[in-house]
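Residue numbers (my numbering): 538 to 730.
Structure representation (structure tokens):
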């Protein structure tokens, strides 16, 4: 992700949205790039653990349907992704989706993409990272999401540009141990239109 981030050409003070953020350390890296970061996560345990593990003392408040945690340019909305509104993402310039689309089973992905794109500002750019492998070889997240599926999900709403497709099986021992015969990581730049 890091080597492709500059493809978004964001101003340093831009707000970056990290959907289904969990305890992602990407939020810390994005802050180091001088961005403010907004995440959304359903699990209060994961949200609290992120701030504790990174020695951040968040200010906590209620924000609409969410518990909001704010600390040092990182904010996390604790609640259901599908409860997000345009208001919640009004200042977002970019989305960093390294782990959300691939965390969702196929039957939820179309709804996720439709909701995300309906609440983002119109000029938002998305850095999307997916994994592709024979789905029959592993039935747990991260799920396989092919380049063709990305095209189908996003082409109506965004220009889809494949930045890289990398064979990453050799450096992912845990996936080899799970029996995967191949594993590709694809990095996409999506520009809404």
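The beta carbon of each residue, even a glycine, is placed where N, CA and C say it ideally should be.
Which whole-angstrom value describes the C-beta separation of residue i and residue j, a residue pair presumed to lie in contact below a C-beta threshold of 8 Å?
i: residue 654; j: residue 646; result: 12 Å between Cβ atoms; not a contact.
i: residue 729; j: residue 667; result: Actually they do not touch by this definition, with Cβ atoms about 18 Å apart.
i: residue 714; j: residue 628; result: Not quite, the Cβ-Cβ distance comes to about 42 Å (not below 8 Å), so this is no contact.
i: residue 604; j: residue 631; result: Incorrect: roughly 24 Å between the Cβ atoms, too far for contact.
Ends of the beta strand (DSSP E) at residue i?
i: residue 718; result: That residue, residue 718, is in no beta strand (DSSP E); it is neither H nor E in DSSP.
i: residue 606; result: 603-608
i: residue 630; result: 629-634
i: residue 668; result: 662-669
i: residue 546; result: No beta strand (DSSP E) holds residue 546; DSSP gives it neither H nor E.
i: residue 614; result: 611-615
i: residue 675; result: Careful: residue 675 lies outside any beta strand (DSSP E) and carries neither H nor E.
i: residue 598; result: 596-600
Taking residue i as the reference, which of the options has the closest Cα?
i: residue 663; options: 671, 554 and 571; result: 554
i: residue 669; options: 571, 603 and 718; result: 718
i: residue 672; options: 681, 570 and 666; result: 681
i: residue 559; options: 578, 568 and 543; result: 578
i: residue 623; options: 614, 633, 636 and 657; result: 657
i: residue 726; options: 696, 593 and 710; result: 696
i: residue 583; options: 570, 562, 601 and 599; result: 562
i: residue 683; options: 547, 548 and 703; result: 703
i: residue 636; options: 679, 604, 651 and 599; result: 679
i: residue 642; options: 580, 614 and 676; result: 676
i: residue 592; options: 576, 599 and 565; result: 565
i: residue 640; options: 556, 586 and 708; result: 556
i: residue 597; options: 613, 586 and 644; result: 613
i: residue 576; options: 648, 625 and 711; result: 625
i: residue 539; options: 652, 693, 712 and 633; result: 633
So who's on the other strand from residue i, going by DSSP bridges?
i: residue 573; result: 552
i: residue 704; result: 721
i: residue 696; result: 728
i: residue 558; result: Residue 558 is not bridged to any residue.
For residue i, which residues of its own chain have a beta-carbon under 6 Å away from its beta-carbon, when the five flanking residues on both sides are left out?
i: residue 674; result: 716 and 717
i: residue 568; result: 574, 610 and 611
Can you tell me where the alpha helix (DSSP H) holding residue i begins and where it ends?
i: residue 648; result: 643-656
i: residue 684; result: 684-691
i: residue 590; result: 581-590
Near residue i, which residues of its chain fall below 7 Å by C-beta distance, leaving aside the five closest residues on each side in sequence?
i: residue 595; result: 588, 606, 607 and 608
i: residue 602; result: 616 and 620
i: residue 691; result: 650, 697 and 727
i: residue 571; result: 549 and 550
i: residue 585; result: none
i: residue 709; result: 720
i: residue 706; result: 712, 713, 717, 719 and 720
With a CB to CB cut of under 8 Å and the five nearest residues on each side skipped, what residues in its chain are close to residue i?
i: residue 544; result: 664, 700 and 726
i: residue 590; result: 560
Quick check on residue i - is its C-beta less than 8 Å from some C-beta in chain C?
i: residue 614; result: Annotation note: the requested chain C is absent from the structure, which comprises a single protein chain.
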